[in-house]
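Student:
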Amino acid sequence: MLTRRERLMRTVRGEPVDRPAVSFYEIGGWRGNPDDPDPFNVFNDPSWRPLLDLAEAETDLIRMVSAGASPIPGIDRSRFFKWDEWTEGGRRFARQTVTAAGPKSGPVPGRTLTSLRRRDPELNTWWEIEHLLKGVEDLEAYLELPDEYFAQEPDIAPLLAAEQEVGDRGIVMVDCGDPIAHSALLFPMAEFTIIALTEPKLFHRLLEKHARHVHVATEKVAKAFPGHLWRICGPELATEPYLPPRLFEEYVVRYTRPMVEAINRHGGVARIHCHGRIRSALPHFVAMGAGGTDPIEPPPQGDVDLGWVRREFGRELILFGNIEIAELEYMEPPAFERRVAQALRDGTSGPGRGFVLHPSACPCGRTITPRTMKNYETMVRLAKAFGG
250 MLTRRERLMR TVRGEPVDRP AVSFYEIGGW RGNPDDPDPF NVFNDPSWRP
300 LLDLAEAETD LIRMVSAGAS PIPGIDRSRF FKWDEWTEGG RRFARQTVTA
350 AGPKSGPVPG RTLTSLRRRD PELNTWWEIE HLLKGVEDLE AYLELPDEYF
400 AQEPDIAPLL AAEQEVGDRG IVMVDCGDPI AHSALLFPMA EFTIIALTEP
450 KLFHRLLEKH ARHVHVATEK VAKAFPGHLW RICGPELATE PYLPPRLFEE
500 YVVRYTRPMV EAINRHGGVA RIHCHGRIRS ALPHFVAMGA GGTDPIEPPP
550 QGDVDLGWVR REFGRELILF GNIEIAELEY MEPPAFERRV AQALRDGTSG
600 PGRGFVLHPS ACPCGRTITP RTMKNYETMV RLAKAFGG
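Read in order, the letters of the sequence shown correspond to residues 250 to 637 in our numbering.
(1) Measure the CB-CB distance between P428 and A460 and report whether it falls below 8 Å.
(2) My output table needs one value for G355: the three-state DSSP class, helix, strand or coil.
(3) What does the alpha-carbon distance come out to for the pair G263 and R588?
(4) Measure the alpha-carbon distance for V261 versus A575 and round it to whole angstroms.
(5) Just mark D595 as buried or exposed, buried being the case when its beta carbon has 16 or more other beta carbons within 10 Å.
(6) To the nearest angstrom, report how far apart G419 and F569 are at their CA atoms.
(7) Under 8 Å by Cβ, that's how I've got R253 and L310 pegged, so tell me the actual separation to the nearest angstrom.
(8) Looking only at C-alpha atoms, which of T627, F635 and R615 sits nearest to W297?
(9) Considering only residues of the same chain and omitting the five flanking positions on each side of P600, which have a CB-CB separation below 8 Å?
(10) Tell me whether V357 is buried or exposed, calling it buried when 16 or more other Cβ atoms sit within 10 Å of its Cβ.
(11) Express the C-alpha separation of G416 and T627 in angstroms, rounding to a whole number.
(12) Would you tell me roughly how many angstroms separate the C-alpha atoms of T374 and P295, rounded to the nearest one?
(13) For the alpha helix (DSSP H) that V415 lies in, which residues bound it at each end?
(14) What's the C-alpha gap between P265 and D369?
(15) Leaving out five residues on either side along the sequence, give the residues of the same chain with a beta carbon under 8 Å from the beta carbon of I405.
(16) Expressed to the nearest angstrom, what Euclidean distance is found between the alpha-carbon atoms of P544 and P608?
(17) Locate the beta strand (DSSP E) running through F329, then write down its first and last residues.
(18) For A539, which of helix, strand or coil comes out of DSSP?
(19) So the alpha helix (DSSP H) Q591 belongs to, where does it begin and stop?
(20) Since E377 is in the beta strand (DSSP E), which residue starts that stretch and which ends it?
(21) Are R367 and R340 touching if we call contact CB-CB under 8 Å?
(22) So, is R559 buried or exposed, given that buried needs 16 or more other C-beta atoms within 10 angstroms?
(23) Between D424, L486 and M258, which lies nearest to Y274 when the distance is taken from Cα to Cα?
(24) Helix, strand or coil for F342 per DSSP?
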């Protein structure tokens, strides 16, 4: 029997395995701490501990870890960027303030951009209350910020520490965003789509601004931490129905391909994270040289089924999927068992590079219900028994 690390590494390399790997994605991907008394830590509810323990003990762990970053010597980012965090009314808030010069304002900072996020104690997520960029004028001001204030020196120490901690129980996956992730999320979604459609030259300038430091950092981390799986987040922002397929190549492939090429150059494998409708995007993943994709959401959330993806792209891509989080939380256990069995069959049928049984997300609430816990146990049980 293979160790969990061996199973995952063989899957990443497209080699035969004893059984499909099973991952709970963020659970086990990120290390939840049930002993942290912070009121905003949902994992300290007693209902979470059995699920966290199950992930650590029984799943093929794929730790998602971002490289560290330190300021470039001599660059004082506080000149333009300021962050504040506070608690008020039982909620946690985080504000970013960026002082920028508009294109006609000269070198003296003169335009203030702000964003505001809120976190509630019952949910493991941040809500974006106010986005940094509200329109074209804000974007033009943002583009005038000096490029050197975006650059940071990457540090692989967190990756090395995570690899030592996880040991033979799994692998470390480098977690990062691409230029469209850094760009689109600055806007409310509606404003992003309008600007991407109506101001392509301006939006390309924003993508190029972020690409300059993202590409440098990717090359440095891929070289210093070679041969690992990566997760690239962002491409979903340019899929249908947000933008037409013609813009995926223009806004994603042009700027994400250099990241994939750097990862490949140093023996790594790039996994493209893309929710929703991926049918028109899958050929681009392959053309970029990506080696995997997640989470391959089934209809109606997505527009492809897992069996079709395996037949059409399974030789090029490792498939991570395709259990929907709503199925995990709300489907009754007998029906969920049939759903997992079907995913295992579809993900492994015929020739292919590899498959990992994998949900689309994880619960974000404070309480894990007995039904949800039983469904997670079903994923482990069926994956371990598959093919045996």
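Every residue, glycine too, gets a C-beta built ideally from N, C-alpha and C. These numbers come from a predicted model, not from an experiment.
Tutor: The answer reads as follows:
(1) The residue given as residue 428 occupies position 179 in the sequence shown. The residue given as residue 460 occupies position 211 in the sequence shown. Yes, these two residues count as a Cβ contact at 8 Å.
(2) Reading the sequence shown from its first residue, position 106 is the one you call residue 355. Bear in mind that a pLDDT of 49 at G355, under 50, signals an unreliable position, so the model cannot answer this.
(3) The residue you call residue 263 lines up with position 14 of the sequence shown. The residue you call residue 588 lines up with position 339 of the sequence shown. Put simply, the backbone Cα of G263 is about 25 Å away from that of R588.
(4) Translated into the one-based positions of the sequence shown, residue 261 becomes position 12. Translated into the one-based positions of the sequence shown, residue 575 becomes position 326. Going by C-alpha positions, V261 is about 27 Å away from A575.
(5) Residue mapping note: residue 595 aligns to position 346 of the sequence shown, counting from 1. Looking at its Cβ environment, which holds 16 or more other Cβ atoms inside 10 Å, D595 is buried.
(6) Here residue 419 corresponds to residue number 170 of the sequence shown, with the count starting at 1. Here residue 569 corresponds to residue number 320 of the sequence shown, with the count starting at 1. So the two alpha carbons sit approximately 15 Å from each other.
(7) For the purposes of this step, residue 253 is taken as residue 4 along the sequence shown, with counting starting at 1. For the purposes of this step, residue 310 is taken as residue 61 along the sequence shown, with counting starting at 1. With 8 Å as the limit, R253 and L310 qualify as a contact, their Cβ atoms being about 6 Å apart.
(8) Within the sequence shown, residue 297 is the residue found at index 48, counting from 1. Closest by alpha carbon: R615.
(9) By 1-based counting over the sequence shown, the position of residue 600 is 351. Cβ neighbours of P600 within its own chain (closer than 8 Å, five residues either side excluded): G563 and R564.
(10) Position 108 of the sequence shown, counted from the first residue, corresponds to residue 357. Only weak support is given to the placement of V357: the predicted model assigns it a pLDDT of 43, under 50, and the value that follows is read from those uncertain coordinates. Exposed: under 16 other Cβ atoms inside 10 Å.
(11) Start at 1 with the first residue of the sequence shown, and residue 627 comes out as number 378. Start at 1 with the first residue of the sequence shown, and residue 416 comes out as number 167. The straight-line gap separating the alpha-carbon atoms of T627 and G416 is approximately 25 Å.
(12) Numbered from 1 along the sequence shown, position 125 holds the residue referred to as residue 374. Numbered from 1 along the sequence shown, position 46 holds the residue referred to as residue 295. C-alpha separation (whole angstroms): 19 Å.
(13) Locating residue 415 in the sequence shown gives position 166, where the first residue counts as 1. Counting along the chain, the alpha helix (DSSP H) containing V415 begins and ends at A406 to V415.
(14) Numbered from 1 along the sequence shown, position 16 holds the residue referred to as residue 265. Numbered from 1 along the sequence shown, position 120 holds the residue referred to as residue 369. It is roughly 44 Å from the alpha-carbon of P265 to the alpha-carbon of D369.
(15) The residue you call residue 405 lines up with position 156 of the sequence shown. The answer, listed in chain order, is A316, G317, V470, A473 and F474.
(16) On the sequence shown, position 295 is the one that residue 544 refers to. On the sequence shown, position 359 is the one that residue 608 refers to. Roughly 7 Å between the two C-alpha positions.
(17) Working through the sequence shown from its first residue, we reach residue 329 at position 80. For F329, there is no enclosing beta strand (DSSP E), as DSSP gives it neither H nor E.
(18) On the sequence shown, position 290 is the one that residue 539 refers to. Here A539 carries a coil assignment [DSSP, helix/strand/coil].
(19) By 1-based counting over the sequence shown, the position of residue 591 is 342. Taken as a continuous stretch (DSSP letters only), the alpha helix (DSSP H) holding Q591 covers P582 to T597.
(20) For the purposes of this step, residue 377 is taken as the residue at position 128 of the sequence shown. Counting along the chain, E377 sits inside the beta strand (DSSP E) bounded by residues W375 to E379.
(21) Along the sequence shown, one-based indexing puts residue 367 at 118. Along the sequence shown, one-based indexing puts residue 340 at 91. Yes. Within cutoff.
(22) Start at 1 with the first residue of the sequence shown, and residue 559 comes out as number 310. Classification of R559: buried, given that the 10 Å Cβ count is 16 or more.
(23) Position 25 of the sequence shown, counting from 1, holds the residue named residue 274. When only C-alpha atoms are compared, the closest one is D424.
(24) Locating residue 342 in the sequence shown gives position 93, counting from the first residue. Reduced to three states, the DSSP call for F342 is strand.
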